[in-house]
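Chains as they are written, first to last, in my numbering: chain A, 38 to 471; chain B, 509 to 1035. One structure is given here, and the rest of the page talks about it.
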Amino acid sequence: MAIDLLYGLLAEHLLVVLLLVLMLLEMLKAGGPRAAAVLGVLVLVAGCAVLLRQYSQGYAVDLVPEEIRIDRFTVLAKLVILACGLLFSVTFAASATCKSVFLVCASLLGALLVMDSAGFISLFIGIEMLSLPAFALMVRGAGATVASEAAFKYLLLSSIATALILFGIAFAYGSSGTLSIGAFAHAAAAGSSQDVAGTVLVASGLFLKAAVFPFHGWAPDAYGGAALPVTSFLASIVKGTVFLTLVRIFGNVALDSATASSIALLAVLSIFYGNFAAIQQRTFKKLLAYSSIAHAGYMLFAFVDVTGHRMDDLLWYVFIYAVAVISACASFSILCPRERDDVQSLDGAFRSHPAAALVFGAALLSLAGLPPLPGFFAKLLVFRSVIASGYLGLASIAFIGSFIGITYYLSLFFRLFAASSQSVEVESNRSETR
Amino acid sequence: MLESTIPLLLPGLPTLGAIAIGLLPANLPHGRCAMPRVCALVVMLAVLALVVRIFLYDSPAETALLDFNLPWMPSLGINLHLGVDGCNFYLVLLSALLFPVVLGCTWNAAESRRPLYLALMLLLQASLLGMFLSQNLVLLFVFWEAVLIPISVLIFVFGGERRRQAATAFFLYTLAGSVLLLAAVIALGVACLRQTGAWSFELNVLLGTRLDWGMQLFVFTAIMLACAVKCPLVPFHSWLPLAYSEAPASASALMAGALSKMGAFGMLKLAVPFAPDAALASAPYIVCVAVASILYGAILALRQENYKLLVAYSSLSHMGYIVLGIFSFQQTSLHGSMLQMLSHGIAVAGLFLLLGAVEQRMGRTYAQVHALAVATPRLAVVLMLFVLTSLALPLTSGFTAEFLILFGAFTQGLNAWHAHEGPLLIVVALLASTGIVVGAAYMLRFARAIMFGKAADTMPLRDLCPREMVSLAPLLLLILWIGIAPTAIMDKARSVASQLSGTAAVAAQHLSALASATADTAGTHGD
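As structure tokens, this is what we get:
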């Protein structure tokens, strides 16, 4: 058993050791930001390697009955989270400091703990550990008043979400007498009134954390006020983990039709609202916020699935979405240095930084869901499950919503190739002298 | 072994070429600045050589070997399945032929020196070939939408004054048409799942599933909407004038020549085989829309002063013939449509390329050019040949194709009239024939305006240089060959045409059986 405790949670142990080492380094004022970033990347690589080995072995163990269980979904979800965390650390290594690496890794540790959980206590601890470092990350960095206002909004609404989740857990405990997540999921599908109340509260709390319509109000301000690396972390890993939390809770259990219909309705509303609102945005971070509301809608749509593909669809979707967001933000920071946020600074970027512009363009088109990029296949998986579960009409409406979303991604993409005014004059001179 | 990799090489080589050009260093020394262009031309000629080799295969057994199937996502039933069959053969030939011709004609244009332009052309060729060769529905959809990205960037970066609106309008309009197409694709997969118990998007597996009437109607509507915007057909043609006139000449040639055929190909390969009952029931309406396209495009072309817009509207008109041929469901007219796809693709590409050559020589004032027959006789002769193909003069490919379409439509119309199903198809065929007369009118008016008249006293134009003559020669040869001795080319697609008309005949029997069954039950209830 002890070996299982060590090996099963090896990734978490490595992260804990890293956190202690970073704290020591900070206290002793030894090492610099470079050392912290390198350590972080090494530990994340080691964690991914451990998880890959666990996946290839088909490792599954019940560590603490009804509280911590490792199964196939756990290993895959942890792998997705750590891989995205690794990508994030590598691409934003230049702006990392000892404290920011510490906070990011603490957040990742919380995410891993959620994926291990089979009972509500560890789930709750994990969710809190996921969100708390994000507040601190948001306060550091860009201008003090703007950033702290954004952090305060995030803190307030995240606390409300936590309260809702706790209340829902209390209802669930009251009706089923156990804190196990499996029993909760089955009771939710069965649906007595106390179970329904518990389900609705827990789901609402998690939807609030994930910024699904109509719980989305905090997202644009919070994402817009933070620095770009923090925004990309929030939009990719934190949001993805919240959805994976929902998958952890509900598993592949088919929801009853009333719940499923209301979830489908919320999803379609999110898609439409996020895409419509993003069209008018002139700054990149707010545009990312609204587009993440739309993507939350796509991810939520997968929950109406009754064919048992929900876990795989969402694992793929979260991975592809998080990679696209992190790549987009990283290349945007190269194309528009010095914290300039307006989209006009993208004009003509392909001429000056072709490689970064291509990565940015590919990430945008992946978020838009255009073939042949991976984002299309992520959407294909989700919509395949939805249509196979019988929601053809709502899926068609969601397709129309996603088409509306393509407009703003397209305008950003075209800006990369727009000629700056200088080169236009050269072209017209050349054609006149021909 | 080698034969089965040819369908993979056809889209694969241009993709590799595009990546190679992207990796070439940006600022080449002066002696090497033709290297990207040479690299692109070599890749395009290699693809053309492979296609010519396919053409030389005579027996169906050998063509059946040209099939590449690699399981990609087995749980979803998505395979990397590319194959040459009678349906896509002409279009593969068209896609392989047009690109080196276009590059050869625009070799000295400013845009050809930029690696971005060459990489985009190669990616466009890869996506086009991938789409025509796909035998898996999701793969086909991936390539269908993937075509949009290179062509829009080409229009956006290298186009005329209103290129930004043109590129955005083209992209969004075409994408709007295919919004429901993805829903139809997934719905077909779900139907296959319900009937066979496993996901599969392979075309031959999906053709075996039986769809009920509601699902057929949904699938047919979705596919037809996407194809109608792509062709385009009236009333979904609003993107046509802006996109064709603002795009650079090479992009217009490729759009009109190859991309518009994607729409007709979709109708032929997807709409009719998957939903035969719905196709048969909506054939009268679609045939009316087709003839409306023919006449509307012809009348608008008749009053055009802008040469590019004139050719664009003529393209709209000719696509109407192709759709008319498909939805007459007669073997001759189906074969005629496939041939018209090839013939019209060549002719309209040639027209746009020559207009582009004139624009390259004269700059923005090309719209006022006339008396080319005096200034540039070789260019005038070649232009006249393309004009004659466009107006379907006998001994050109345009005549072969349009004659087959109208012959098939008339035959089917007479059959329908004798079977007391109304004179609609005959009337439609008559109107389409008048479209040929109007076509002659605007084409000859175009030829008179641009080639004849008083010689201008501006500085003389350079005639077609040998490089451009060599580039355009294959198009002219193909036009004359199909016009004079079409049997060799027509044999390649004969089996597919009979198969498709057979499907429609079976569907017709099915529908009439249904109709008589409901009439019987109504009769017995009434008694």
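Each residue gets a CB set at the ideal place from its N, CA and C atoms; glycine is no exception.
In terms of Cβ geometry, B/Ile663 and B/Arg670 do not form a close pair [threshold 8 Å].
Considering only A/Leu61, A/Lys66, A/Leu51 and A/Leu89, the residue with the shortest C-alpha distance to A/Val78 is A/Leu51.
Chain B has no Cβ within less than 8 Å of the Cβ of A/Phe340. For A/Arg421, a Cβ of chain B is located within less than 8 Å of the residue's own Cβ. Taking 8 Å as the CB threshold, B/Val665 lines the interface with chain A.
For B/Leu588, not one C-beta of chain A is nearer than 8 Å to its own C-beta. Here B/Leu578 is bridged, per DSSP, to B/Leu588. Collapsing the DSSP output to three states places B/Glu710 in a strand. Going by DSSP, A/Leu100 is part of the beta strand (DSSP E) stretching over Val98 to Val101.
Counting the other Cβ atoms within 10 Å of the Cβ of A/Ile274 gives 16 or more, which makes it buried.
DSSP places A/Asp379 in the strand class (E or B) of the three-state scheme. The residue from B/Ser642, B/Gly612, B/Val546 and B/Ser836 with its alpha-carbon nearest to that of B/Leu578 is B/Ser642. Remark: three or more beta-carbon pairs, one from each stretch, lie closer than 8 Å, so the stretch 821-830 of chain B and the stretch 752-771 of chain B are flagged as touching.
With fewer than 16 other Cβ atoms inside 10 Å of its own Cβ, B/Gln876 counts as exposed.
With respect to the 8 Å criterion, B/Gly594 and B/Ala1001 are classified as neighbours on the basis of their beta carbons.
Contact with chain A is found for B/Glu653, since one of that chain's Cβ atoms lies less than 8 Å from the residue's Cβ. As DSSP reads the structure, A/Ser154 sits in a beta bridge with A/Ile105.
Under the three-state reduction of DSSP output, B/Ser642 falls in the strand class. Contact residues of the stretch 432-453 of chain A toward chain B are Ala432, Ser433, Phe436, Ile437, Phe440, Ile443, Thr444, Leu447 and Phe451 (C-beta to C-beta distance below 7 Å). In the DSSP assignment, A/Trp255 falls within the unbroken alpha helix (DSSP H) covering Trp255 to Gly262. Straight across, the Cα-Cα distance linking B/Pro658 with B/Leu524 is about 15 Å. Nearest to A/Gly261 by C-alpha distance, out of A/Leu283, A/Leu302, A/Ser328 and A/Ser213, is A/Ser328.
Boundaries of the alpha helix (DSSP H) harbouring B/Leu690: Val687 to Thr704, taken from the DSSP string. A/Pro411 is positioned such that its CB atom lies no closer than 8 Å to that of B/Ala654. Against chain A, the beta carbon of B/Ala695 has neighbours under 7 Å at Ile424 and Leu429, listed in chain order. Boundaries of the alpha helix (DSSP H) around B/Pro608: Phe597 to Cys613. If you check the CB distance, A/Ala304 and A/Lys246 do not come in under 8 Å. Chain B places no beta carbon closer than 8 Å to that of A/Phe110, leaving this residue out of the contacts. Look at B/Phe679: its C-beta is under 8 Å from a C-beta on chain A.
With fewer than 16 other CB atoms across the displayed protein chains lying within 10 angstroms of its CB, B/Val546 is exposed. Using a CB distance below 9 Å, the part of the stretch 698-712 of chain B facing chain A consists of Val698, Leu701, Arg702 and Trp707, ordered along the chain. Annotation for B/Val890: the continuous alpha helix (DSSP H) segment containing it runs Pro885 to Ser898. B/Ser836 carries a coil assignment under DSSP once its states are collapsed to helix, strand and coil. If you draw a straight line from the Cα of A/Gly345 to the Cα of A/Leu167, it is about 28 Å long. Taking the C-beta atoms as reference points, A/Thr268 is found nearer than 8 Å to A/Cys366. Using a 10 angstroms sphere on the CB of A/Lys66, the tally of other CB atoms stays under 16, which defines it as exposed.
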